[in-house]
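To start, the structure itself, in structure tokens.
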Amino acid sequence: MSEGEQVKNTQERQQKPDISKLVSIIPPASELKKKEKILSEKRLRVKYDESLKEPLAKIPKPIAGMLGIKDGDSVEVVVAGRKKFMFKALVIESQEENTIYVHPDELKLNGVADNSIATLRKSRQ
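Number 19 in full-length UniProt numbering belongs to position 19 of the sequence shown; there are no gaps in the numbering.
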């Protein structure tokens with residue numbers, strides 16, 4: 001190599017950015033995973049609870065926490081994407097992850113069976 005080529009190669013090396021500095025800006029995958037995704041709705045089983053005297057939905061604490069539901073909030077229970085029911089939330093201490101208990105009168109009138117699969121979400125109203 002001639003002296004001119006060596007100088008040219010040295011200049012090219014100096015112009016290239018240091019990749020390790022660029023990579024340090026990108027957070028590792030473990031940091032990205034820490035941010036929990038807040039759910040807006042969840043599919044679960046709906047069971048009748050004859051002991052409820054008004055349109056209430058008993059929601060286990062883990063599910064209420066995932067959906068951001070508190071005692072007294074208005075919730076929507078949607079069955080088969082067409083039948084929408086509004087209930088007042090009652091958060092209970094239970095470890096059941098996939099079941100809520102609701103006042104059965106309105107569900108029975110609209111032909112929704114006990115132990116049906118439905119979508120639960122916090123009401124937008």
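Don't be surprised by glycine CBs; every beta carbon is placed ideally from N, CA and C.
Note that this is a predicted model, so its numbers are computed, not measured.
In the DSSP assignment, find the alpha helix (DSSP H) that holds ILE59 and state where it starts and stops.
Locating residue 59 in the sequence shown gives position 59, counting from the first residue. No alpha helix (DSSP H) contains ILE59, which is instead part of the beta strand (DSSP E) from 56-60.
Can you tell which of ILE92, LYS53 and ILE69 has its C-alpha closest to the C-alpha of LEU120?
Against the sequence shown, residue 120 aligns to sequence position 120. With distances taken between Cα atoms, LEU120 lies closest to ILE69.
Considering just the uninterrupted stretch of the beta strand (DSSP E) at GLU41, what are its terminal residues?
Along the sequence shown, one-based indexing puts residue 41 at 41. Per DSSP, GLU41 belongs to the beta strand (DSSP E) from 41-48.
In whole angstroms, what is the alpha-carbon distance linking SER74 and ALA113?
For this step, residue 74 is matched to residue 74 along the sequence shown. For this step, residue 113 is matched to residue 113 along the sequence shown. Distance between the alpha carbons of SER74 and ALA113: 22 Å.
Which residue comes first and which comes last in the beta strand (DSSP E) that contains SER74?
Numbered from 1 along the sequence shown, position 74 holds the residue referred to as residue 74. Unbroken beta strand (DSSP E) run through SER74: 74-79.
Does chain D have any CB closer than 8 Å to the CB of LEU44?
In the structure shown, chain D cannot be found, because there is only a single protein chain.
Would DSSP call LYS88 helix, strand or coil?
Stepping through the sequence shown from its first residue, residue 88 is reached at position 88. Three-state DSSP puts LYS88 in a strand.
By the three-class DSSP mapping on this structure, what secondary structure does ALA29 have?
Here residue 29 corresponds to residue number 29 of the sequence shown, with the count starting at 1. In this structure, ALA29 counts as helix in the three-state DSSP scheme.
Can you tell which of LEU32, VAL46, ASP105 and ASP18 has its C-alpha closest to the C-alpha of LYS53?
To locate residue 53, count along the sequence shown from 1; it is residue 53. When only C-alpha atoms are compared, the closest one is ASP105.
With distances taken from CA atoms, which of ASP71, HIS103 and ALA64 is nearest GLU41?
As a position in the sequence shown, residue 41 is number 41, starting the count at 1. Nearest option by C-alpha distance: ALA64.
Straight-line Cα distance separating ILE38 from THR82:
Along the sequence shown, read from residue 1 onward, the residue named residue 82 stands at position 82. Along the sequence shown, read from residue 1 onward, the residue named residue 38 stands at position 38. Checking the sequence shown, residue 82 turns out to be Arg, not Thr. Approximately 24 Å between the Cα atoms of the pair.
How is the beta strand (DSSP E) around SER116 delimited, first residue to last?
Mapped onto the sequence shown, residue 116 falls at position 116. Where SER116 is concerned, the enclosing beta strand (DSSP E) stretches over 116-122.
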